[in-house]
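>
Okay, structure coming up:
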């Protein structure tokens, strides 16, 4: 993937802004923004499908950051983001992970529901015989665009990730009931969708089958209940293992990056909020582990992506009893011909062969080239293939979405992994990446995407410091005031009450 650096004058101007923001202490602006976070939204609004038009409009126009923005209208948030990214490489990677979730979704959405293929697709050039996204022309050939989206708009993947981020910012920790109510608000009332800054405000798009069932469960069983009274898990008898909990995961490892074990436990628990199957939860544990390890790499680390991925997988597998399917997938060893596409280390991903070997049904679901990748293991395999066969965040996203099928979600998964490794700054400097971000910025003019990631990362870093102080104080028989005042986690938030490692 060719990388075009900004012009010298443009780069110098950006560096000047960053230096000025550093001098005025960008952390102070972030702290003021944090102090304005609205923590009331879900606590004062219960699950309710029947809501007036005015209330629906309020939800679709809301963000937990809005009160802070009203008090800080003079702040240049772009400079705040750039200053934070330049000061801390872990922050830069967290921003890349979060924006990768959104970028993969928005770039993949026009190719969703087009037949998946593992055959070589020229990502660059004017060969229009393939359904694809062409990076050179910044143009789609034969796109589906089932939801009629404008360039840069996102679907369920990023929207639910934003719900998760806002929930943790408002609560301070992961709260399953709160997250589920916000998911409900997204689908029924337009909360956190891509259309808040669109003159033609629309209903949310992209609801998947498994998540739809979990939201219906909320409506049927918990109408007029507040988040405190909504269980953190969607309890169902099925073993649904779609990719819907992977697509939105980025906020969790960013928030808990300083504690890998807690990040994995929380990722697993967040999966059970909508997906009762353990397969999806196990995949979430791995993705959270990968992201945490990528964020915390030394700044001068020169390990290539393939070597890094291998080392992370070995460490992950050594620390768990193992889910057989996930273990086979991560080792790139398909257990049968029906999982041929799990050999993600191969030069070509065997998607057509996998579809043929599975016949009409697989794991109790119809087999479809248009929906390929919707099974969590398949989706993760597609993302890993693109990851180790690419040299940048942009390249990884494009390789993934050009596999087609469930392209928005596989793109989102790949974007999280690649973004955590390559970082936000590299994406901003990439010629194609800059265009993708420019499209997204139309629908996020206040840099709320990046600011959510920044605040979550700060929460994780501050949480680690508080834990260290608490341990030190306990050893001395005292309790620091800050630790004593920290909110006590409920059973759903306490990792000791979460599902154990597999």
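In the numbering used here, the protein residues as written are 1242 to 1743. We put the beta carbon where it would ideally sit given N, CA and C, even for glycine. Note that the structure is a prediction, hence the values are computed from the model and not measured.
For residue 1668, which three-state DSSP category applies?
If DSSP states are grouped into helix, strand and coil, residue 1668 belongs with the helices.
> Note down, in chain order, each residue of its chain lying with its Cβ closer than 8 Å to the Cβ of residue 1611, except the 5 sequence neighbours on either side.
Taken in chain order, the residues that qualify are 1354, 1355, 1356, 1357 and 1646.
> Buried or exposed, going by whether 16 or more other CB atoms sit within 10 Å of the CB of residue 1491?
Answer is buried; the Cβ neighbour count reaches 16.
> Would you be able to state if there are at least three C-beta pairs under 8 Å between the region 1507 to 1525 and the region 1543 to 1557?
With the cut-off at 8 Å, the region 1543 to 1557 and the region 1507 to 1525 do not touch.
> Nearest to residue 1536 by alpha carbon, out of 1497, 1524, 1509 and 1573?
Nearest of 1497, 1524, 1509 and 1573 to residue 1536, Cα basis: 1497.
> Quick test of the definition: if touching needs 3 or more C-beta pairs under 8 Å, does the region 1268 to 1279 touch the region 1302 to 1320?
Yes: the two stretches touch, three or more of their Cβ pairs being nearer than 8 Å.
> Is it buried or exposed, residue 1640, if we count other Cβ atoms within 10 angstroms and call 16 or more buried?
With 16 or more Cβ atoms within 10 Å of its Cβ, residue 1640 is classed as buried.
> In the DSSP assignment, what residue or residues form a beta bridge with residue 1355?
Beta-bridge pairing links residue 1355 to 1646.
> Could you tell me if residue 1667 is buried or exposed, where buried requires 16 or more neighbouring beta carbons within 10 angstroms of its beta carbon?
So residue 1667 ends up on the buried side.
> What is the DSSP secondary structure of residue 1603, counted as helix, strand or coil?
Note: residue 1603 maps to strand in three-state DSSP.
> Going along the chain, which residues of its own chain have a beta-carbon closer than 6 Å to the beta-carbon of residue 1820, five neighbours each way excluded?
Residue 1820 lies beyond the range of the chain shown here (1242 to 1743); nothing can be said about it.
> State the start and end residues of the unbroken alpha helix (DSSP H) segment that holds residue 1430.
Here the alpha helix (DSSP H) through residue 1430 covers 1417 to 1430.
> Considering just the uninterrupted stretch of the beta strand (DSSP E) at residue 1382, what are its terminal residues?
Looking at the DSSP string, the run of the beta strand (DSSP E) that includes residue 1382 is 1380 to 1382.
> For residue 1511 and residue 1445, which I take to be in contact (beta-carbon distance under 8 Å), what is that distance rounded to the nearest angstrom?
No, residue 1511 and residue 1445 are not in contact; Cβ-Cβ is about 19 Å, not under 8 Å.
> Sort out for me which residues DSSP pairs residue 1373 with in a bridge.
In DSSP, residue 1373 forms a bridge with 1382.
> By a C-beta neighbour count over all protein chains shown, 10 Å radius and 16 as the cutoff for buried, is residue 1360 buried or exposed?
Classification for residue 1360: exposed.
> Return helix, strand or coil for residue 1463, following the three-state DSSP convention.
Helix at residue 1463.
> Going by the beta-carbon positions, is the gap between residue 1649 and residue 1376 smaller than 8 Å?
Not a contact, by the Cβ cut-off of 8 Å.
> Please tell me whether residue 1340 and residue 1665 are closer than 8 Å, where the distance is taken between their beta carbons.
For residue 1340 and residue 1665, yes; Cβs fall inside 8 Å.
> Would you be able to state if there are at least three C-beta pairs under 8 Å between the region 1671 to 1689 and the region 1384 to 1401?
Yes, the region 1384 to 1401 is in contact with the region 1671 to 1689.
> Where does residue 1663 sit, in a helix, a strand or coil, going by DSSP?
DSSP places residue 1663 in helix when its eight states are reduced to three.
> Should residue 1383 be labelled buried (16 or more other beta-carbon atoms within 10 Å of its own) or exposed?
Exposed.
> Tell me which same chain residues have a C-beta within less than 7 Å of the C-beta of residue 1344, skipping the five on either side of it?
If we look at residue 1344 and ignore the five residues flanking it on each side, its Cβ neighbours are 1638, 1656, 1677 and 1681.
> If you pair each beta-carbon of the region 1618 to 1631 with each one of the region 1577 to 1596, do three or more pairs fall below 8 Å?
With the cut-off at 8 Å, the region 1618 to 1631 and the region 1577 to 1596 touch.
> Counting Cβ pairs closer than 8 Å, one from the region 1595 to 1609 and one from the region 1459 to 1472, do we hit at least three?
No: the two stretches stay apart, fewer than three of their Cβ pairs being nearer than 8 Å.
> Where are the alpha helix (DSSP H) runs, 4 residues long or more, that stay fully inside the region 1433 to 1483, in chain order?
List check, alpha helix (DSSP H) in window: 1450 to 1463.
> Who does residue 1616 pair with in a DSSP beta bridge?
Answer is 1483, bridged to residue 1616.
> Work out the CA separation of residue 1479 and residue 1458 for me, nearest whole Å.
The straight-line gap from Cα to Cα measures roughly 13 Å.
> With C-beta atoms as the reference, is residue 1514 less than 8 Å away from residue 1525?
Contact flag unset, no.
> For residue 1437, which residues from the same chain have a beta carbon less than 7 Å from its beta carbon, with the 5 sequence-adjacent residues on both sides left out?
Excluding positions up to five away in sequence, the list reads 1301 and 1302.
> Suppose you measure from the CA of residue 1566 to the CA of residue 1591; what does that come to, to the nearest Å?
Cα-Cα distance, rounded: 17 Å.
> By a C-beta neighbour count over all protein chains shown, 10 Å radius and 16 as the cutoff for buried, is residue 1461 buried or exposed?
The residue is exposed, with fewer than 16 neighbouring Cβ atoms inside 10 Å.
> Whose C-beta lies closer than 7 Å to the C-beta of residue 1652 among residues of the same chain, with five residues either side of it excluded?
1345, 1346, 1348, 1349, 1638, 1641 and 1642, listed in sequence order.
> Is the beta carbon of residue 1617 sitting closer than 8 Å to the one on residue 1484?
Yes, they are a contact pair.
> What is the DSSP secondary structure of residue 1636, reduced to helix, strand or coil?
Residue state, collapsed to three classes: helix.
> Expressed to the nearest angstrom, what Euclidean distance is found between the alpha-carbon atoms of residue 1543 and residue 1442?
Near 45 Å, if we compare the C-alpha coordinates of residue 1442 and residue 1543.
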